[in-house]
Amino acid sequence: MNYNLTRIAPTPSGFLHLGNAYSFLMSKALAEKLGAKILLRIDDLDRERYRSEYVEDIFETLDFLEIPVDLGPKNLKEFESEWSQIHRMPQYEIALEKIRGSGLVFSCDCSRKKIQELNPQGYYLGYCLDRRMKLDKPETAWRINTLESDFLKYVEYPKQTVTSLIPDETAFYLVRKKDRVPAYHLSSVVDDEYFGVDLIIRGKDLLPSTFAQLDLARIIGSEKFPKATFLHHPLLKGPKKEKLSKSDGATSIQYLRKEGKKLEDVLEILGQMVSSPNPIRTFEEFKTSIL
27 MNYNLTRIAP TPSGFLHLGN AYSFLMSKAL AEKLGAKILL RIDDLDRERY
77 RSEYVEDIFE TLDFLEIPVD LGPKNLKEFE SEWSQIHRMP QYEIALEKIR
127 GSGLVFSCDC SRKKIQELNP QGYYLGYCLD RRMKLDKPET AWRINTLESD
177 FLKYVEYPKQ TVTSLIPDET AFYLVRKKDR VPAYHLSSVV DDEYFGVDLI
227 IRGKDLLPST FAQLDLARII GSEKFPKATF LHHPLLKGPK KEKLSKSDGA
277 TSIQYLRKEG KKLEDVLEIL GQMVSSPNPI RTFEEFKTSI L
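Written as structure tokens, this is what we have:
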């Protein structure tokens, strides 16, 4: 089966690391195998953490990894003038109005600290569901009541049908933040629907998000998103088996480039991190090892 479009969707909140490189290269490999084009979608609605140098780093990393982009911005100026998510606010507002009319949304004024106090794992348990605060109350976020959500299903590449209820991690998921900016799940679903993405490649840590987004797609009436095929790849871990972080400079692509590392060096490091039985020095070797 051929696909039309996959996407690389980094957030400009730090310099990209080896985990990002692995995911990007996975996207390139699968796009080549399946005949899909690649969209560059930069998720920049979190303006507090947005930095132009982080956007520049995205373009520099894609160039370094030799990943071509078929759709999307080619540089910072083009991104900010044409491709920023800010330009798609009308689409997000339409989705939020559909959510308002669904009867499934409620206001929440809980802070992250309060959520952590209520549940040590950091899961939101619907504390504000029965408080019935007005949706337009200042300093409140919008959440979806997932108590009545039905089983959701999607296709995991290549052909495995996966079915589940919404996991605890994303129960009562956010759709609008306290500053009235669309939350990640909403902007991601609307964008993928808008561009016609039908192949979504992401880390296994985002599997709970996939189910939240499938639920949201049903609520706002998305037609294409629920039909997309997903691939949830394993996460790269650091030396102590910790999740890689943008704050860890030693694994950043920028740091490795400044150290004089070439693409073949980064591919070799990635091969070692995923315990490849054979050395990886070329993209073709990387592609063969993961597909």
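Just so you know, we're using the working numbering here: the sequence shown kicks off at 27 and counts up by one. Virtual Cβ for every residue (Gly too), placed ideally from N, Cα, C.
Closest by C-alpha distance to V240, when choosing among F221, L212, F41: Locating residue 240 in the sequence shown gives position 214, counting from the first residue. Rather than Val, the amino acid found at residue 240 in this sequence is Leu. It is L212 whose Cα lies nearest to the Cα of L240.
DSSP state of G297, grouped into three classes? Looking up residue 297 in the sequence shown gives position 271. G297: helix per DSSP, three-state reduction.
Contact check, S110 vs D83 under 8 Å by CB: the rounded distance? As a working note, residue 110 is residue 84 in the sequence shown. As a working note, residue 83 is residue 57 in the sequence shown. Not quite, the Cβ-Cβ distance comes to about 16 Å (not below 8 Å), so this is no contact.
Please report the residue range of the beta strand (DSSP E) in which K179 lies. Against the sequence shown, residue 179 aligns to sequence position 153. Taken as a continuous stretch (DSSP letters only), the beta strand (DSSP E) holding K179 covers 178-182.
Going by the beta-carbon positions, is the gap between L178 and S190 smaller than 8 Å? On the sequence shown, residue 178 is found 152 positions in, with the first residue counted as 1. On the sequence shown, residue 190 is found 164 positions in, with the first residue counted as 1. Taking 8 Å as the Cβ cut-off, L178 and S190 qualify as a contacting pair.
How is the alpha helix (DSSP H) around K59 delimited, first residue to last? The count along the sequence shown starts at 1 and reaches residue 59 at position 33. Element bounds for K59: 44-60.
As a quick exercise: from Q147, F198, R138, K203, pick the residue whose alpha carbon is nearest that of A167. For this step, residue 167 is matched to residue 141 along the sequence shown. Selected option, being the one with the closest Cα: K203.
Within 8 Å, strictly: CB atoms of R114 and Y220: What you label residue 114 is simply residue 88 of the sequence shown in a count that begins at 1. What you label residue 220 is simply residue 194 of the sequence shown in a count that begins at 1. Yes; because the gap between Cβ atoms is below 8 Å, this pair is in contact.
Just mark L51 as buried or exposed, buried being the case when its beta carbon has 16 or more other beta carbons within 10 Å. The residue you call residue 51 lines up with position 25 of the sequence shown. So L51 counts as buried.
My output table needs one value for K185: the three-state DSSP class, helix, strand or coil. On the sequence shown, residue 185 is found 159 positions in, with the first residue counted as 1. Reduced to three states, the DSSP call for K185 is coil.
Cβ-Cβ distance between K38 and Y80 below 8 Å: The residue given as residue 38 occupies position 12 in the sequence shown. The residue given as residue 80 occupies position 54 in the sequence shown. One point to set straight first is that residue 38 is Pro, not Lys, in the sequence displayed. A contact, by the Cβ cut-off of 8 Å.
By the DSSP assignment, the beta strand (DSSP E) with V95 in it spans what residues? By 1-based counting over the sequence shown, the position of residue 95 is 69. From DSSP, V95 is part of no beta strand (DSSP E); its letter is neither H nor E.
Hey, out of P193, D194, Y210, whose CA is closest to V201's CA? For the purposes of this step, residue 201 is taken as the residue at position 175 of the sequence shown. The residue with the shortest Cα to Cα distance from V201 is Y210.
Using DSSP's beta-bridge definition, name the partner residues of H258. Position 232 of the sequence shown, counted from the first residue, corresponds to residue 258. DSSP lists R228 as partners of H258.
Rounded to whole angstroms, what is the Cα-Cα separation between D224 and Q142? Residue mapping note: residue 224 aligns to position 198 of the sequence shown, counting from 1. Residue mapping note: residue 142 aligns to position 116 of the sequence shown, counting from 1. C-alpha separation (whole angstroms): 35 Å.
Measuring only the C-alpha atoms, how far is T236 from R206? If you number the sequence shown from 1, residue 236 lands on position 210. If you number the sequence shown from 1, residue 206 lands on position 180. Each residue's Cα considered, the two are about 23 Å apart.
Mapping DSSP to helix, strand and coil, what is V223? For the purposes of this step, residue 223 is identified with residue 197 of the sequence shown, where counting begins at 1. Three-state result, V223: coil.
Helix, strand or coil at V292 [DSSP, three-state]: Here residue 292 refers to the residue found at position 266 of the sequence shown. Helix, per DSSP.
Cβ-Cβ separation, I227 to A254 (assumed contact under 8 Å), whole Å: The residue labelled residue 254 in the question sits at position 228 within the sequence shown. The residue labelled residue 227 in the question sits at position 201 within the sequence shown. About 11 Å; that fails the 8 Å criterion.
Tell me, to the nearest whole angstrom, how far the beta carbon of T87 is from that of I316; I am working on the premise that it is less than 8 Å. The residue you call residue 87 lines up with position 61 of the sequence shown. The residue you call residue 316 lines up with position 290 of the sequence shown. Not confirmed; about 19 Å, so no contact.
State whether the region 128-147 contacts the region 95-111, with contact taken as three or more CB pairs (one from each stretch) at a distance under 8 Å. no
What separation, rounded to the nearest whole angstrom, lies between the Cα atoms of L122 and K59? To locate residue 122, count along the sequence shown from 1; it is residue 96. To locate residue 59, count along the sequence shown from 1; it is residue 33. Approximately 36 Å between the Cα atoms of the pair.
N- and C-terminal bounds of the alpha helix (DSSP H) containing F309: Residue mapping note: residue 309 aligns to position 283 of the sequence shown, counting from 1. Here the alpha helix (DSSP H) through F309 covers 309-316.
From I245 to G297, what does the alpha carbon distance come to, in whole angstroms? On the sequence shown, residue 245 is found 219 positions in, with the first residue counted as 1. On the sequence shown, residue 297 is found 271 positions in, with the first residue counted as 1. Answer to the nearest angstrom: the Cα atoms are 41 Å apart.
How many Å lie between K185 and H259 at the Cα? Numbered from 1 along the sequence shown, position 159 holds the residue referred to as residue 185. Numbered from 1 along the sequence shown, position 233 holds the residue referred to as residue 259. About 15 Å.
Would you list the one or two residues that DSSP bridges to C134? If you number the sequence shown from 1, residue 134 lands on position 108. A167.
Kindly indicate which residue of N304, A197, L130, E92 has the alpha-carbon position closest to the one of G152. Counting from one through the sequence shown, the residue named residue 152 turns up at place 126. Checked all of N304, A197, L130, E92; the closest Cα to G152 is A197.
Let me make sure I understand the geometry here. Which of L242, P164, V216 has the alpha-carbon closest to that of N171? What you label residue 171 is simply residue 145 of the sequence shown in a count that begins at 1. It is L242.
Inter-residue Cα distance where the pair is E119 and L97: Looking up residue 119 in the sequence shown gives position 93. Looking up residue 97 in the sequence shown gives position 71. Approximately 24 Å, taken between the alpha carbons.
E165 burial status per 10 Å Cβ neighbour count (16 or more: buried): Numbered from its first residue, the sequence shown carries residue 165 at position 139. Looking at its Cβ environment, which holds fewer than 16 other Cβ atoms inside 10 Å, E165 is exposed.
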